[in-house]
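Enquirer: Once you've had a glance at the structure underneath, I'll fire off some questions.
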Amino acid sequence: MYNPKYEISNKLLNCLNRISAAHNLITNAPLIPKWESKLREDARIKSAHFSTRIEGNTLTLDEVRDLFDGKEVYAKPRDKQEVVNYRKVLEFVDGEPEISLETMKEINRITLEKIDDENGGKFRKIQNYIVKETNRKREIIYTPPPAKEIPGMMHDLAGWISGAVKEEISPVIIAGVAHYEFVSIHPFLDGNGRTARALATLILYKLGYDTKRLFSLEEHYDLNLAGYYSALQSAQENRDNEREELTLWLEYFAEGIANELTRIEKQILDISRDKALKDKLGQLELNERQMKAVSHILKYERITNREYVKKFGVSNATAKRDLNELTSMKLLMQKGRGRSVYYIIMT
C-alpha cells in the first residue's frame, strides 16, 4: 500500500496559505468576460508550450500560439503533433473526468496520438531509464521500477489519491504527491512527464482549485528546469532504502502554484482598482503583452518604448505597434517628445 512520507514544514505551510488566499481572491473577482477568456486561452497556450518544451520540443511560444490559432507553422511534424496533442489533453482535463487509472491511461493515449499509437495509453512491458546527457555522454540518473510491478503500483497510487480525497488532505498536496509518484513509476514508454503534469492539473481542478483556469504550472517548471529535476531527485535518491521523503518536492511544487496564483492575483487587482478602466477594457481586444503593459503602467504610472522592449522581449517595432494600438484605442496617452516619449493611462 502506498504511504508517502512528508512533513508540513513552515515553508510548505506558508505556500499553502498563500495559495488559499490567492485562490479565494481570484475565484471571487468580478473579471471582465473577454479578459477572463483571453487569460484562460493564454494559460492553455503556455501550458502546451512549456510542458512540451521541457521534453525537448523546439517550437517557440509564438509558434504554439499560431498553431492554436490554426495558422501554418513550419517545424518538425512531431513537434507540432506534440503541441496539438497537449492541447487536446488540456481540453480533456477541462471536462474534469474521474481521477482513475483509466483517465491516466487516456491522458497518455492522447499525449502520444499519431506519435506512438501502439504504446500510447498502455503500461510499458520493458524497463526504461531516466538519463542525463552531458558532453555527448549519457548517464542514468534514475531507474524506474520493473515493468511487472507497474500495475500494482499504479493501483496503489489511485487508491491513495481516493483515500486522500476522503481524508480531505489539501488538494495541493494530493496533486504534488500524485505528480511525484507518477513520474517515479514512469508507467508508460513515453509521455510520462506530460501525463504527470496534466494529472496534477486535473486533481487541482476536480478538488476545487481551478481558480478560473488562469494558471500555467508548466511555465514555473520550465523557468527553473534544474530545480524541477533536483526537487524530484531529492526524494527519488532514497526511493529504494525506505527513506524516501517528499517534503522538499512538495515545497517546490506548492511554491510554484503560489507564485503563479500571486501573479494572476496581481493582474486582477491592478485592473480592478480602476472601474472606468475596467469598463473600457471590457470593450477592447488586447493581446497578453498589452494587458500586462496596462498592469505595469497601473503600478509604475508610465512605460517607455525601451522599457516595453526589455520587459516583454520583443523588437522595437513590435513595442511601437503595441503601444500605438493602445493609444489609438484611447487607453493610453503619449507624453513627451523624441527620445523622451512615454505612455500613461488616459484618464
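Position 173, counted from 1, in the sequence shown is what UniProt numbering calls 173; the numbers after and before it change by one each time, with no gaps.
Every residue gets a Cβ at the ideal spot worked out from N, C-alpha and C, and that includes glycine.
(1) Helix, strand or coil for Gln334 per DSSP?
(2) Which whole-angstrom value describes the C-beta separation of Ile150 and Pro171, a residue pair presumed to lie in contact below a C-beta threshold of 8 Å?
(3) Ala200 and His179: beta carbons closer than 8 Å?
(4) In its own chain, which residues sit with a C-beta less than 6 Å from the C-beta of Trp160, not counting the 5 before and 5 after it?
(5) Measure from the alpha carbon of Arg18 to the alpha carbon of each residue in Arg337, Thr304, Ile130, Glu255, then state which is nearest.
(6) Output the distance between the C-alpha atoms of Gln290 and Leu323, rounded to the nearest integer angstrom.
(7) Is the beta carbon of Thr262 closer than 8 Å to that of Ala29?
(8) Give me, in chain order, the residues of the same chain whose beta-carbon lies closer than 6 Å to that of Cys15; leave out the 5 immediate sequence neighbours on both sides.
(9) What does a CB cutoff of less than 8 Å around Glu260 pick up in its chain, not counting 5 residues either side in sequence?
(10) Whose C-alpha, out of Ser20, Arg306, Glu98, Lys114, is nearest the C-alpha of Ile173?
(11) For Pro131, tell me which candidate among His186, Gly121, Glu102 has the shortest Cα-Cα distance.
(12) Could you have a look at Glu133 and say whether DSSP puts it in helix, strand or coil?
(13) Give me, in chain order, the residues of the same chain whose beta-carbon lies closer than 7 Å to that of Asp222; leave out the 5 immediate sequence neighbours on both sides.
(14) Suppose the cutoff is 7 Å on Cβ atoms and the five residues either side in sequence are ignored; what does the same chain contact list for Ile126 look like?
(15) Please identify the residue among Leu67, Arg124, Tyr142, Leu207 whose C-alpha is closest to the C-alpha of Glu98.
(16) To test your reading of the DSSP string, which unbroken alpha helix (DSSP H) runs of 4 or more residues are found completely within the UniProt domain "Fido" (99-252)?
(17) Just how far apart, CA to CA, sit Ser234 and Arg197?
(18) Leaving out five residues on either side along the sequence, give the residues of the same chain with a beta carbon under 6 Å from the beta carbon of Arg65.
(19) Rounded to a whole number of angstroms, what is the C-alpha to C-alpha distance between Met346 and Gly313?
(20) Using a 10 Å radius around the Cβ and a threshold of 16 neighbouring Cβ atoms, would you call Ala226 buried or exposed?
(21) Sort Met154, Ser162, Asn192, Arg243 by Cα distance to Thr111 and report the nearest one.
(22) Closest to Val294 by CA distance: which of Leu269, Arg87, Glu72 is it?
(23) Mind reading off the beta-carbon distance from Leu12 to Glu251? Whole number of angstroms is fine, and I expect it under 8 Å.
(24) Please state if the CB of Lys311 and the CB of residue 370 are separated by a distance shorter than 8 Å.
(25) Are Tyr209 and Glu96 touching if we call contact CB-CB under 8 Å?
(26) Short of 6 Å in beta carbon distance, which residues of its chain neighbour Thr103, apart from the five on each side in sequence? Order them along the chain.
(27) Going by the beta-carbon positions, is the gap between Asp42 and Asn119 smaller than 8 Å?
(28) Ile344 by DSSP, collapsed to three states: which one?
(29) Pick out whichever of Ile169, Glu139, Asp79, Phe182 has its Cα sitting closest to the Cα of Met153.
(30) Could you tell me the alpha carbon to alpha carbon distance between Ser340 and Leu61, rounded to whole angstroms?
(31) What residue does the alpha helix (DSSP H) around Ala75 start on, and which one ends it?
(32) Write down the C-beta distance between Glu265 and Lys5 rounded to the nearest angstrom, noting that I regard them as a contact closer than 8 Å.
Expert: Working from what's here:
(1) Position 334 of the sequence shown, counted from the start, is the residue given in the question as residue 334. Strand, per DSSP.
(2) To locate residue 150, count along the sequence shown from 1; it is residue 150. To locate residue 171, count along the sequence shown from 1; it is residue 171. Not quite, the Cβ-Cβ distance comes to about 26 Å (not below 8 Å), so this is no contact.
(3) Mapped onto the sequence shown, residue 200 falls at position 200. Mapped onto the sequence shown, residue 179 falls at position 179. Yes, the Cβ-Cβ distance between Ala200 and His179 is below 8 Å.
(4) Your numbering for residue 160 matches position 160 in the sequence shown. Taken in chain order, the residues that qualify are Tyr2.
(5) Locating residue 18 in the sequence shown gives position 18, counting from the first residue. Of Arg337, Thr304, Ile130, Glu255, the residue nearest in Cα terms is Glu255.
(6) Numbered from its first residue, the sequence shown carries residue 290 at position 290. Numbered from its first residue, the sequence shown carries residue 323 at position 323. Taking the straight line joining both Cα atoms gives about 8 Å.
(7) Here residue 29 refers to the residue found at position 29 when the sequence shown is read from its first residue. Here residue 262 refers to the residue found at position 262 when the sequence shown is read from its first residue. Going by C-beta atoms, Ala29 is not nearer than 8 Å to Thr262.
(8) Translated into the one-based positions of the sequence shown, residue 15 becomes position 15. When the five nearest sequence neighbours on each side are left out, the beta carbons in the same chain lying within less than 6 Å of the beta carbon of Cys15 are those of Ala254, Glu255, Ala258, in order along the chain.
(9) By one-based count along the sequence shown, residue 260 stands at place 260. Cβ neighbours of Glu260 beyond the five flanking positions: Phe215, Ser216, Leu217, Glu219, His220.
(10) Taking the first residue of the sequence shown as 1, we reach residue 173 at position 173. The candidate whose alpha carbon is nearest that of Ile173 is Ser20.
(11) Taking the sequence shown and counting its residues from 1, the one referred to as residue 131 is at position 131. According to the sequence provided, residue 131 is Val. The question's Pro does not apply to it. Selected option, being the one with the closest Cα: His186.
(12) Reading the sequence shown from its first residue, position 133 is the one you call residue 133. The answer is strand: DSSP assigns Glu133 an E or B state.
(13) As a working mapping, residue 222 is identified with position 222 in the sequence shown. Once the five neighbours on either side are set aside, the close Cβ partners of Asp222 are Phe50, Arg53, Ile54.
(14) Here the question's residue 126 lines up with position 126 in the sequence shown. Closer than 7 Å at the Cβ level, and outside the excluded window around Ile126, lie Ala147.
(15) By one-based count along the sequence shown, residue 98 stands at place 98. Closest by C-alpha distance to Glu98, out of Leu67, Arg124, Tyr142, Leu207, is Leu207.
(16) If we require 4 residues or more, the alpha helix (DSSP H) runs fully inside the UniProt domain "Fido" (99-252) come out as 101-111, 150-166, 171-185, 192-206, 217-223, 225-236.
(17) The residue labelled residue 234 in the question sits at position 234 within the sequence shown. The residue labelled residue 197 in the question sits at position 197 within the sequence shown. Cα-Cα distance, rounded: 18 Å.
(18) In the sequence shown, the residue the question calls residue 65 occupies position 65. Excluding its 5 nearest sequence neighbours in each direction, Arg65 has C-beta neighbours in its own chain below 6 Å: Ile45, listed in chain order.
(19) One-based indexing of the sequence shown puts residue 346 at position 346. One-based indexing of the sequence shown puts residue 313 at position 313. Looking at the backbone, the Cα of Met346 and that of Gly313 are separated by about 25 Å.
(20) By one-based count along the sequence shown, residue 226 stands at place 226. Label assigned to Ala226: exposed.
(21) Translated into the one-based positions of the sequence shown, residue 111 becomes position 111. Nearest of Met154, Ser162, Asn192, Arg243 to Thr111, Cα basis: Asn192.
(22) Translated into the one-based positions of the sequence shown, residue 294 becomes position 294. Nearest C-alpha to Val294 among Leu269, Arg87, Glu72: Leu269.
(23) What you label residue 12 is simply residue 12 of the sequence shown in a count that begins at 1. What you label residue 251 is simply residue 251 of the sequence shown in a count that begins at 1. Confirmed, about 5 Å.
(24) Only positions 1 to 347 of the chain appear in this structure, which leaves residue 370 out of reach.
(25) Within the sequence shown, the letter at position 209 stands for residue 209. Within the sequence shown, the letter at position 96 stands for residue 96. Their beta carbons are not under 8 Å apart, which means Tyr209 does not touch Glu96 by this criterion.
(26) Against the sequence shown, residue 103 aligns to sequence position 103. Contacts found: Pro97.
(27) In the sequence shown, residue 42 corresponds to position 42, counting from 1. In the sequence shown, residue 119 corresponds to position 119, counting from 1. Not closer than 8 Å, so no.
(28) Along the sequence shown, one-based indexing puts residue 344 at 344. For Ile344, the three-state secondary structure derived from DSSP is strand.
(29) Here residue 153 is taken as the residue at index 153 of the sequence shown, counted from 1. Looking at the Cα atoms, Phe182 is the closest of the given residues.
(30) In the sequence shown, residue 340 corresponds to position 340, counting from 1. In the sequence shown, residue 61 corresponds to position 61, counting from 1. Their Cα atoms are separated by approximately 32 Å.
(31) By one-based count along the sequence shown, residue 75 stands at place 75. Segment: none, Ala75 is in no alpha helix (DSSP H) and carries neither H nor E.
(32) One-based indexing of the sequence shown puts residue 265 at position 265. One-based indexing of the sequence shown puts residue 5 at position 5. In fact, because the Cβ distance is near 32 Å, the residues do not count as touching under 8 Å.
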